[in-house]
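In mature numbering (1 follows the signal peptide of the UniProt record, and there is no 0), the protein residues as written are -21 to -1, 1 to 139.
Ideal Cβ positions, reconstructed from N, Cα and C, are used throughout, including at glycine.
Bear in mind the structure is a predicted one, so any value in this text is a computation, not a measurement.
Have a look at the structure below before the remarks.
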């Protein structure tokens, strides 16, 4: 399965959600102060909040990426930094990505993935219907994520 990721990444262009030209990330305040990161509080807040709150704010839990695409497969890679903030949660729940697609009937449907966990999280969504549709990707990581990369197999990504 890891071999498939390599094929997808070689044949697909990576996309930076921060460089889309319009807001793609949701559920994140202080966008202009966060330096294109997935954390939830700006750096100046570190001295103003409790240590536990600051550590939790470094994790992107609850941040969503909203976009339209005609891709038939997506791949997501992120480098995990540090330890899980909530050690009672297993790795699969602590570093996940959920992808939902809006169907023509207006309902949201879950897209099934293949995820691999280690120093990096690698998630692959494949066999999606070849039509332009709206997607929401939720990052449910309880670990700080750096170098968030997104690859898609279609011809149009991050359509407004």
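Just mark residue i as buried or exposed, buried being the case when its beta carbon has 16 or more other beta carbons within 10 Å.
| i | result |
| --- | --- |
| residue 12 | exposed |
| residue 101 | buried |
| residue 78 | buried |
| residue 80 | buried |
| residue -20 | At residue -20, the pLDDT of 37 sits below 50, so the modelled position is not reliable; the number obtained from the coordinates is stated separately. By the 10 Å Cβ count, residue -20 comes out exposed. |
| residue 29 | exposed |
| residue 27 | exposed |
| residue 22 | exposed |
Mind checking whether residue i and residue j have CB atoms under 8 Å apart?
| i | j | result |
| --- | --- | --- |
| residue 59 | residue 113 | no |
| residue 124 | residue 57 | yes |
Take residue i and list the residues in its own chain whose beta-carbon comes closer than 6 Å to its own, dropping the five residues that flank it on each side.
| i | result |
| --- | --- |
| residue 55 | 76, 102, 129 |
| residue 132 | -10, 50, 51, 52 |
| residue 87 | 79, 81 |
| residue 9 | 21 |
| residue -4 | 15 |
| residue 143 | Only positions -21 to 139 of the chain appear in this structure, which leaves residue 143 out of reach. |
Residue range of the alpha helix (DSSP H) that residue i falls in?
| i | result |
| --- | --- |
| residue 152 | Lying before the first or after the last residue shown, residue 152 is absent from the chain, which here runs from -21 to 139. |
Please determine, among the options, the residue with the shortest C-alpha to C-alpha distance to residue i.
| i | options | result |
| --- | --- | --- |
| residue 25 | 108, 4, 126, 36 | 36 |
| residue 83 | -7, 104, 109 | 109 |
| residue 105 | 39, 30, 93 | 93 |
| residue 91 | 116, 85, 111 | 116 |
| residue 45 | 31, 119, 6 | 6 |
| residue 119 | -1, -2, 17 | 17 |
| residue 1 | 27, 22, 47 | 47 |
| residue 126 | 8, 9, 14, 111 | 14 |
Tell me where the beta strand (DSSP E) around residue i begins and ends.
| i | result |
| --- | --- |
| residue 59 | 53 to 60 |
| residue 101 | 99 to 104 |
| residue 45 | 42 to 48 |
| residue 126 | 123 to 131 |
| residue 87 | 87 to 90 |
| residue 93 | 93 to 96 |
For residue i, which residues of its own chain have a beta-carbon under 8 Å away from its beta-carbon, when the five flanking residues on both sides are left out?
| i | result |
| --- | --- |
| residue 85 | none |
| residue 43 | 4, 5, 6, 115, 116, 117, 118 |
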